[in-house]
Each structure stands twice: as C-alpha cells, then as structure tokens.
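Under numbering that gives the first Met the number 0, the sequence shown has 74 at position 75, and the numbering climbs by one with no breaks.
For every residue, glycine included, the Cβ atom is placed at its ideal position computed from N, Cα and C.
Only one structure is covered here, and it is reproduced in the block below.
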Amino acid sequence: MTAARPRPRAKLKPGQLGARIEREGLERLYLIAGDEPYQCLEAMDHIRSQARALGVTERVVLEAQAGFDWQRLRYEANHLSLFSDRRLIELTLAHVPPQSEGAQAIIAYSQGMSADTVVVIRAPVLDYRAKQGAWYQAIEAAGVIVEVAPMPPEAMPDWILRLGERRGLILDEEAAMFIAERVENNLPAASQELEKLQLSLPGGKAGLADVVAVVTDSSRYDVFALVNCVLAGCLARSLSVLAGLRAEGTEAALVTWSLVRELRILCRLAYNQARKLPLEPLFEEFRVWDRRKAALKPALRRHTVVSLRELLLAAHQVERAIKGASPGDPWLMLGEVVIGLATGNSSQRKRNYNVNE
Numbered sequence: 000m001t002a003a004r005p006r007p008r009a010k011l012k013p014g015q016l017g018a019r020i021e022r023e024g025l026e027r028l029y030l031i032a033g034d035e036p037y038q039c040l041e042a043m044d045h046i047r048s049q050a051r052a053l054g055v056t057e058r059v060v061l062e063a064q065a066g067f068d069w070q071r072l073r074y075e076a077n078h079l080s081l082f083s084d085r086r087l088i089e090l091t092l093a094h095v096p097p098q099s100e101g102a103q104a105i106i107a108y109s110q111g112m113s114a115d116t117v118v119v120i121r122a123p124v125l126d127y128r129a130k131q132g133a134w135y136q137a138i139e140a141a142g143v144i145v146e147v148a149p150m151p152p153e154a155m156p157d158w159i160l161r162l163g164e165r166r167g168l169i170l171d172e173e174a175a176m177f178i179a180e181r182v183e184n185n186l187p188a189a190s191q192e193l194e195k196l197q198l199s200l201p202g203g204k205a206g207l208a209d210v211v212a213v214v215t216d217s218s219r220y221d222v223f224a225l226v227n228c229v230l231a232g233c234l235a236r237s238l239s240v241l242a243g244l245r246a247e248g249t250e251a252a253l254v255t256w257s258l259v260r261e262l263r264i265l266c267r268l269a270y271n272q273a274r275k276l277p278l279e280p281l282f283e284e285f286r287v288w289d290r291r292k293a294a295l296k297p298a299l300r301r302h303t304v305v306s307l308r309e310l311l312l313a314a315h316q317v318e319r320a321i322k323g324a325s326p327g328d329p330w331l332m333l334g335e336v337v338i339g340l341a342t343g344n345s346s347q348r349k350r351n352y353n354v355n356e
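Next comes the structure, spelled out in structure tokens:
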C-alpha cells in the first residue's frame, strides 16, 4: 500500500461510505459504531471489497472480549506474514469505552499507522462519554468514523434504490416504496426481495408492476386488476378478483398496500378538488400518468374527502388486523373497503360481506 496522502477526516453515515471510498480510496483506520447489524455489515463489506481490489489478501479477525491481550493488536498491525505484504485487521470491541490498556493500544496505532495495514474497529453504539475518550478522539483525528443508526422508515426507499444499483438493478421510486412498505424496515428482508428480482429480471430494470409480479408469483388474479376495477366502480368484478386473490394465496398485506396507496392519492386529490385547487401539481407529485388520471376520476366523482378518509382509516385497520394488533378477519375487512371504494356508499360497505361468496 502506498504512503498515505493527507486527507480530510470524516464522520459518515453508512450510505456515504461507498462513495467516500470510491472518491478517496481506502483509509488505514476506520471505526464503525452502532447496533444496526445489517448496515454495519454493509459498511464492513465496502471496506473488504476495496481491500481485495487493492490486493489485500490477508484478513485478521480479533475479538476484544474480557481478558483480550492488546499486544495482539500491536503485533498484527506491525508484523506482516510470510504470505502477504498487505493485510486487513478487523477488531471488534465487545464493550465501550475500552479499558485503559485497550485505549492506549488504539491510540498508539492511530499515531503510528502502518502503510501496509488497514484496521477496522467495530464497536457498539457510542454515548457522549465514550466520544470524549482519548481513544475515540485519536481515531477521529487519524481515520474515518461511520456512525450507524437504525434506518428511519422514510429513508428506506432511497436505501433500497442504492442497494439495487449496486446489484445492477434499476428500480423506479414506486417499486422501492412498495418493497420498503412490504418489509417494514427489515433490511435483510429488503435485501432478499432484491435478490428475487435479480433472479427474475435479468434485464436489470424493475418497475412497480415487475416487483408485484415477482412477489405474487405471477398470480392469475393480479392486484392491479383489483385496483382498476375498484376505481372504475365495477363492484361485482372487484369482489370476484378479490376472492380470486385470496384463493390463490396472495398476501392480504399486498392487497391492502395497493388500496392504501390509491386512497392516499385520492384523499389529496379530493381535498384540492373540494377547494377548487388545481390537480395537476398533485398528479406530478404522485407521478400519475394520463391513463391513471382517467382511472382515478370516476372514484373522485363518487367520493368526498370525508368518505375517502373513512376508507383510509378502515384500510389502516386492516393493516392492524394483519399484524394481530386489532381483531377481525383481514379479508372480510378488505371486502368492506373494496365495496365502499367501488360504490361510494358507506351503508353498503357495512353490510355482512363474505369474500368467498
């Protein structure tokens, strides 16, 4: 590894690390701190991948548990093996801040880093006290710190888009939002959904329809057909498609997501319409193309802001029932939402509906 050139030190979020490495190259010291395992692993993988690309063939893994001999860090950082002239050392801290001996070993390395060694320190979440320690400040002065926090739900779609790009998948925003809502902030589950798409879509591009087709295993009754029938006000056909989706084993959560999405758009449109405000800005915001505009307009004629909000609340109750947080059969409740949205008649929505009828 060539002698390091002076670089600005940084505190990064996990999503910024890959771009930093591509732009600046590999640093000799990293601290990855946090308790969200998937993002920590993702950050580690960025570093490992770049190290391999630079010819680093030896990886040393150290676990700083109770009784750990900190001389091992000093030794491994300064002595190359017979088999490689470059090495990656991964040191996991079981507890922070480290004891005095550990803190001194980290400070010593940060002040005399080897040009042929990259050290990555993995630590739990750091509180204010830990960040005041000399060991932390030594890393801050000499290396790069990646602070890993739980992924906020609103950041999931962008994270999915970036992960897809790294895997050669170009997703549109609706597809990323669908995956994010489906996995409920479960990052490994989102990764698995992208793996399915990679296998099913060799072309590398995926829109919402592609994602739904993969999720539903190309079922004969598709969710988009249900949405289109409901928006058009075709009640009998809507109930037939809903029953078909249930019979084919489609997840109630998938159907609910599709209806909630349409109801959110309709609520916003109805609000503007009631106040004689233009709808076009909302069509642009929600990326509603001409064909979908035509599909939404009949539903807007049947409903008011109040009736649509009632239906949206009912759909959210379905979500709670699916998760076991509220009583009721999700499919029966979905039937009521479908009836209400297709007819605009709240009294008809409250009748005893059987999805198998």
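Q.
Let me make sure I understand the geometry here. Which of G323, G232, T91 and H78 has the alpha-carbon closest to that of G339?
A. As a working note, residue 339 is residue 340 in the sequence shown. Of G323, G232, T91 and H78, the residue nearest in Cα terms is G232.
Q. Run through DSSP, which three-state label would A42 get?
A. In the sequence shown, residue 42 corresponds to position 43, counting from 1. Three-state result, A42: helix.
Q: Establish whether the CB of L340 and some CB of chain B are separated by less than 8 Å.
A: Among the chains of the structure shown, chain B does not appear; only one protein chain is present.
Q. With respect to the beta strand (DSSP E) encompassing L265, which residues constitute its N-terminal and C-terminal limits?
A. Taking the sequence shown and counting its residues from 1, the one referred to as residue 265 is at position 266. No beta strand (DSSP E) holds L265; the alpha helix (DSSP H) holding it covers A251 to A273.
Q: Can you check DSSP and say which residues form a bridge with E62?
A: Residue 62 sits at position 63 when you count from the first residue of the sequence shown. T91, per the DSSP bridge assignment.
Q: Return the residue from the list D209, L40, T249 and H78 that minimises the CA-CA distance to S225.
A: Mapped onto the sequence shown, residue 225 falls at position 226. Ser is not the amino acid found at residue 225; the sequence shown has Leu there. Selected option, being the one with the closest Cα: T249.
Q) Which residue comes first and which comes last in the beta strand (DSSP E) that contains T116? A) Here residue 116 is taken as the residue at index 117 of the sequence shown, counted from 1. Taken as a continuous stretch (DSSP letters only), the beta strand (DSSP E) holding T116 covers T116 to A122.
(Q) So, for C39: in the same chain, excluding its five sequence neighbours on each side, which residues have a beta-carbon less than 7 Å away from its beta-carbon? (A) Residue mapping note: residue 39 aligns to position 40 of the sequence shown, counting from 1. So the qualifying residues of the chain are I31, G33, R121 and V147.
Q: Compute the distance between the beta-carbons of V95 and P123, then report whether it is under 8 Å.
A: Residue 95 sits at position 96 when you count from the first residue of the sequence shown. Residue 123 sits at position 124 when you count from the first residue of the sequence shown. Cβ atoms of V95 and P123: closer than 8 Å.
Q. Based on the DSSP secondary-structure assignment, which residues constitute the bridge partners of V145?
A. Here residue 145 corresponds to residue number 146 of the sequence shown, with the count starting at 1. V145 is bridged to L11 and I31.
Q) Does the distance from the CB of V317 to the CB of P329 come in under 8 Å? A) Reading the sequence shown from its first residue, position 318 is the one you call residue 317. Reading the sequence shown from its first residue, position 330 is the one you call residue 329. Yes, the Cβ-Cβ distance between V317 and P329 is below 8 Å.
(Q) Rounding to the nearest angstrom, what Cα-Cα distance links K204 and Q64 in this structure? (A) Here residue 204 refers to the residue found at position 205 when the sequence shown is read from its first residue. Here residue 64 refers to the residue found at position 65 when the sequence shown is read from its first residue. Using only the alpha carbons, I get a separation of about 45 Å.
Q. What three-state label does DSSP hand L125 in the structure shown?
A. Mapped onto the sequence shown, residue 125 falls at position 126. Correct three-state label for L125: coil.
Q. Touch check for the segment 308-322 and the segment 254-266: three-plus C-beta pairs under 8 Å?
A. yes
Q | Cβ-based neighbour list, V336, same chain, cut-off 7 Å, excluding 5 preceding and 5 following | A | In the sequence shown, residue 336 corresponds to position 337, counting from 1. Cβ neighbours of V336 beyond the five flanking positions: L258, L310, A313, A314 and V317.
Q | Unbroken stretches of the beta strand (DSSP E), 3 residues or longer, contained in the segment 137-203 | A | 143-146
Q: Sort V145, L25, E21 and A50 by Cα distance to E35 and report the nearest one.
A: Here residue 35 refers to the residue found at position 36 of the sequence shown. When only C-alpha atoms are compared, the closest one is V145.
Q. Roughly how many angstroms lie between the CA atoms of A141 and A93, to the nearest whole one?
A. Position 142 of the sequence shown, counted from the start, is the residue given in the question as residue 141. Position 94 of the sequence shown, counted from the start, is the residue given in the question as residue 93. Distance between the alpha carbons of A141 and A93: 22 Å.
Q) Applying the criterion that 16 or more other CB atoms from any shown protein chain within 10 Å of the CB defines a buried residue, is P156 buried or exposed? A) Start at 1 with the first residue of the sequence shown, and residue 156 comes out as number 157. Counting Cβ neighbours within 10 Å, P156 comes out buried, since at least 16 surround it.
Q. Where do the N-terminal and C-terminal ends of the alpha helix (DSSP H) with Q103 fall, by residue?
A. The count along the sequence shown starts at 1 and reaches residue 103 at position 104. Its alpha helix (DSSP H) spans residues S99 to Q110.
Q) Relative to the C-alpha of R166, which residue among N185, A179, V229 and Q191 is closest? A) Position 167 of the sequence shown, counting from 1, holds the residue named residue 166. Per the Cα distances, Q191.
Q: State the CB to CB distance for the pair L160 and L170, rounded to an integer number of angstroms; the pair is presumed to be in contact (CB under 8 Å).
A: Numbered from its first residue, the sequence shown carries residue 160 at position 161. Numbered from its first residue, the sequence shown carries residue 170 at position 171. Indeed they touch by this definition, with Cβ atoms about 6 Å apart.
Q: Could you tell me how far apart the beta carbons of A235 and L265 are, in whole angstroms, since I believe they sit closer than 8 Å?
A: What you label residue 235 is simply residue 236 of the sequence shown in a count that begins at 1. What you label residue 265 is simply residue 266 of the sequence shown in a count that begins at 1. Their Cβ separation, rounded to whole angstroms, is 21 Å, which puts A235 and L265 out of contact at 8 Å.
Q: Have a look at D44, I105 and Q49 and flag the residue whose alpha-carbon is nearest the alpha-carbon of E21.
A: Sequence index remark: in the sequence shown, residue 21 carries index 22 (1-based). Nearest C-alpha to E21: Q49.
**Q.** Cβ separation of L295 and L230, assumed to be a contact under 8 Å, to the nearest whole Å
**A.** Along the sequence shown, read from residue 1 onward, the residue named residue 295 stands at position 296. Along the sequence shown, read from residue 1 onward, the residue named residue 230 stands at position 231. Right, their Cβ atoms sit about 6 Å apart.
(Q) Just verifying my parser: in three-state terms, what is the DSSP assignment at A324? (A) Along the sequence shown, read from residue 1 onward, the residue named residue 324 stands at position 325. Note: A324 maps to coil in three-state DSSP.
Q.
I'd like to check one pair, A76 with Y37: are the Cβ atoms closer than 8 Å?
A. Locating residue 37 in the sequence shown gives position 38, counting from the first residue. Locating residue 76 in the sequence shown gives position 77, counting from the first residue. No, they are not a contact pair.
Q: Return the CA-CA distance between L91 and M150, expressed in angstroms with no decimal places.
A: Walking along the sequence shown from the start, residue 91 turns up at place 92. Walking along the sequence shown from the start, residue 150 turns up at place 151. With the sequence shown as reference, residue 91 is identified as Thr, and Leu is not the correct amino acid for it. Taking the straight line joining both Cα atoms gives about 22 Å.
Q) By how many angstroms is the C-alpha of E23 removed from the C-alpha of A221? A) Translated into positions along the sequence shown, residue 221 becomes position 222. Translated into positions along the sequence shown, residue 23 becomes position 24. One detail in the question is off: residue 221 reads as Asp in this sequence, not Ala. Going by the C-alpha atoms only, they are around 47 Å apart.
Q | Sequence-distant residues of the same chain with beta carbon closer than 8 Å to Q359, five excluded per side | A | The question about residue 359 has no answer, for the chain in this structure spans 0 to 356.
Q. Taking just the CA atoms, how far does L198 sit from E26?
A. Here residue 26 is taken as the residue at index 27 of the sequence shown, counted from 1. Here residue 198 is taken as the residue at index 199 of the sequence shown, counted from 1. When rounded, the distance between both Cα atoms is 35 Å.
Q. In this structure, does DSSP put R85 in helix, strand or coil?
A. Position 86 of the sequence shown holds residue 85. Coil.
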